[in-house]
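Asker: Here the sequence shown is numbered in the numbering used here, starting from 6 and rising by one per residue. Ideal Cβ positions, reconstructed from N, Cα and C, are used throughout, including at glycine. Here the structure is a predicted model, which means the values were calculated and not measured.
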Amino acid sequence: METSHTRRGRKRRRRLRPFRTLFTLLFVLAIAAGLYSVWQYNQGRELAAGEKPDSGPFSGDPIDPQYPYVENYLLLGIDDDKSGKSRSDTMILASLDKENNRVKLVSFMRDIYADIPGYQSYKLNTAYYLGGVQLTKDTISGMFGVPIHHYAVTDFDNFEKLIDIAAPGGIRIDVEKPMSEKIGVTLTQGTHDLNGKELLGYARFRADSEGDFGRVKRQQKVIAALKDEVISPSTLPRLPKLAGAATSYVETDVGGLDGLRKVLKAAASGGLELERMTIPVDGTYSFGTYSHAGSVLELDVSANREAISEFLGTPGAMKGASARLMP
């Protein structure tokens with residue numbers, strides 16, 4: 006005769022069976038998503054094989070123990086003519102605050118008259134031409150007292166390709182005026198979905214009264230639009246392929262899988278806050294001309310160092326970098 010204890014055990018197993026099925030289904034879906042991500046990542050790597058620029062060795066500053074959650078990245082965009090002697094057209098310090106899910110961007114004008122270690126003063130973008138990413142890092146850290154922990158470099162051809170992977174339908178930008186001179190594309194005024202080549206042309210345009218100041222504003226505008234695109238839910242399925250392509254299209258000291266994890270984490274969190282500033286700040290520069298460097302921006306370096314320190318909110322880190330790098 007069947008006992009009541011046995012009947013209760015069977016009922017309990019019947020009740021648990023749907024939960025086991027759900028657990029199994031979720032487990033299979035997680036494995037499938039992981040395999041899909043790895044496949045897409047490898048697809049991206051194969052697509053971009055052999056395309057990485059060569060910026061030379063790099064040695065970053067140690068993480069400040071007072072701010073262990075802050076990592077500063079030097080982002081460089083170069084116009085690679087395959088001669089090995091490119092200049093950096095785009096120079097941005099991206100400060101990632103992992104504790105507060107916030108990114109602060111400091112854009113440096115390429116015509117800043119800079120003290121380049123081991124050389125006479127030139128425009129800031131000449132540092133990359135003379136000594137690659139390390140000399141650019143040392144120049145910016147030395148002038149402005151900001152530690153730089155990591156770097157990423159891409160040339161403009163690769164930037165176009167990355168945009169087309171991230172946003173096959175284009176990036177929506179409000180083009181404020183007609184643009185065509187020296188950018189390789191023709192843009193009309195209005196709101197458009199720009200592909201990689203068009204977006205690069207928009208970001209590089211400087212043939213107007215604003216010159217390089219307007220160009221830096223557009224670069225920051227492009228970065229903000231890219232941030233919104235990358236963290237949108239519709240982009241999530243393309244992120245592994247984008248990260249895979251970035252391992253070859255972008256030269257960096259951050260490992261590919263580590264980079265993928267950071268991109269996915271930022272995209273999943275959604276509410277990434279982005280703040281921006283430009284160096285030099287208003288009222289801290291004048292225009293000058295030198296026979297060896299051409300037209301330059303001469304800075305009140307102390308005022309700009311203070312502005313960066315206040316913007317980043319890490320004065321201890323700024324002083325530490327100054328002590329290590331300045332004579």
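1. In whole angstroms, give me the CA-to-CA distance for glycine 325 and serine 307.
2. What three-state label does DSSP hand asparagine 163 in the structure shown?
3. Helix, strand or coil: which one does DSSP assign to aspartate 305?
4. In this structure, does DSSP put glycine 147 in helix, strand or coil?
5. What first and last residue would you give for the beta strand (DSSP E) that runs through phenylalanine 113?
6. Looking at C-alpha atoms only, which residue of Val227, Lys187 and Arg92 is the closest neighbour of threonine 141?
7. In the structure shown, what three-state DSSP assignment does aspartate 179 receive?
8. Sorted by chain position, which residues of the same chain lie with C-beta nearer than 7 Å to glycine 175's C-beta, five sequence neighbours on each side aside?
9. How is lysine 90 classed by DSSP in three states: helix, strand or coil?
10. Assuming the contact rule is C-beta atoms closer than 8 Å, valine 190 and valine 158 should be a hit. Round their C-beta distance to whole Å, please.
11. I need the boundaries of the beta strand (DSSP E) containing serine 291, first residue and last residue.
12. Which whole runs of the alpha helix (DSSP H) in the segment 209 to 249 are 4 residues long or more, in chain order?
13. Taking Cβ to Cβ, would you say threonine 95 is nearer than 9 Å to glutamine 224?
14. What whole-angstrom Cβ distance do tyrosine 78 and asparagine 163 have, given they're in contact under 8 Å?
15. Whose C-alpha, out of Tyr156, Leu80 and Ala171, is nearest the C-alpha of serine 239?
16. What residue range is occupied by the uninterrupted beta strand (DSSP E) comprising tyrosine 78?
17. Quick one: Cα of glycine 309 to Cα of arginine 281, how far?
18. Helix, strand or coil for threonine 95? Go by DSSP, reduced to three states.
19. Classify threonine 257: buried if its beta carbon has 16 or more other beta carbons within 10 angstroms, exposed otherwise.
20. My output table needs one value for alanine 157: the three-state DSSP class, helix, strand or coil.
21. Look at the alpha carbon of alanine 99 and the alpha carbon of glycine 65, and state the distance between them as a whole number of angstroms.
22. Are the beta-carbon atoms belonging to leucine 204 and glutamate 165 less than 9 Å from one another?
23. Measuring alpha carbon to alpha carbon, tell me which residue in Asp69, Pro183 and His155 is nearest proline 62.
Answerer: According to the data block:
1. Locating residue 325 in the sequence shown gives position 320, where the first residue counts as 1. Locating residue 307 in the sequence shown gives position 302, where the first residue counts as 1. A caution first: glycine 325 carries a pLDDT of 41, below 50, which makes its placement in the model unreliable, though a value can still be read off. Rounded to whole angstroms, glycine 325 to serine 307 spans 16 Å at the Cα level.
2. For the purposes of this step, residue 163 is taken as residue 158 along the sequence shown, with counting starting at 1. If DSSP states are grouped into helix, strand and coil, asparagine 163 belongs with the helices.
3. Working through the sequence shown from its first residue, we reach residue 305 at position 300. Here aspartate 305 sits in coil by DSSP.
4. As a position in the sequence shown, residue 147 is number 142, starting the count at 1. Three-state result, glycine 147: helix.
5. As a first step, residue 113 is located in the sequence shown; it is residue number 108 there, counting from the start. Start and end: 107 to 113.
6. Sequence index remark: in the sequence shown, residue 141 carries index 136 (1-based). Comparing Cα positions, the closest option is Arg92.
7. For the purposes of this step, residue 179 is taken as the residue at position 174 of the sequence shown. Strand.
8. Translated into the one-based positions of the sequence shown, residue 175 becomes position 170. So the list reads Asp198, Leu199 and Asn200, once near-sequence residues are dropped.
9. Counting from one through the sequence shown, the residue named residue 90 turns up at place 85. Lysine 90 falls in the coil class under three-state DSSP.
10. By one-based count along the sequence shown, residue 190 stands at place 185. By one-based count along the sequence shown, residue 158 stands at place 153. That pair is no contact at about 23 Å.
11. Residue mapping note: residue 291 aligns to position 286 of the sequence shown, counting from 1. Taken as a continuous stretch (DSSP letters only), the beta strand (DSSP E) holding serine 291 covers 290 to 295.
12. 216 to 235
13. What you label residue 95 is simply residue 90 of the sequence shown in a count that begins at 1. What you label residue 224 is simply residue 219 of the sequence shown in a count that begins at 1. Yes, the pair counts as a contact, with Cβ atoms nearer than the cut-off.
14. Along the sequence shown, read from residue 1 onward, the residue named residue 78 stands at position 73. Along the sequence shown, read from residue 1 onward, the residue named residue 163 stands at position 158. Tyrosine 78 to asparagine 163, Cβ: 17 Å. No contact.
15. For this step, residue 239 is matched to residue 234 along the sequence shown. Comparing Cα positions, the closest option is Ala171.
16. The count along the sequence shown starts at 1 and reaches residue 78 at position 73. Where tyrosine 78 is concerned, the enclosing beta strand (DSSP E) stretches over 75 to 83.
17. As a first step, residue 309 is located in the sequence shown; it is residue number 304 there, counting from the start. As a first step, residue 281 is located in the sequence shown; it is residue number 276 there, counting from the start. Note that residue 309 corresponds to asparagine in the displayed sequence, not to glycine. When rounded, the distance between both Cα atoms is 14 Å.
18. The residue you call residue 95 lines up with position 90 of the sequence shown. Three-state result, threonine 95: strand.
19. Along the sequence shown, read from residue 1 onward, the residue named residue 257 stands at position 252. Answer is buried; the Cβ neighbour count reaches 16.
20. Your numbering for residue 157 matches position 152 in the sequence shown. Note: alanine 157 maps to strand in three-state DSSP.
21. In the sequence shown, counting from the first residue as 1, residue 99 sits at position 94. In the sequence shown, counting from the first residue as 1, residue 65 sits at position 60. Those two C-alpha atoms are separated by around 14 Å.
22. Within the sequence shown, numbered from 1, the residue matching residue 204 stands at position 199. Within the sequence shown, numbered from 1, the residue matching residue 165 stands at position 160. Cβ distance < 9 Å, so leucine 204 and glutamate 165 count as in contact.
23. Numbered from its first residue, the sequence shown carries residue 62 at position 57. Of the listed residues, the one whose Cα sits closest to proline 62 is His155.
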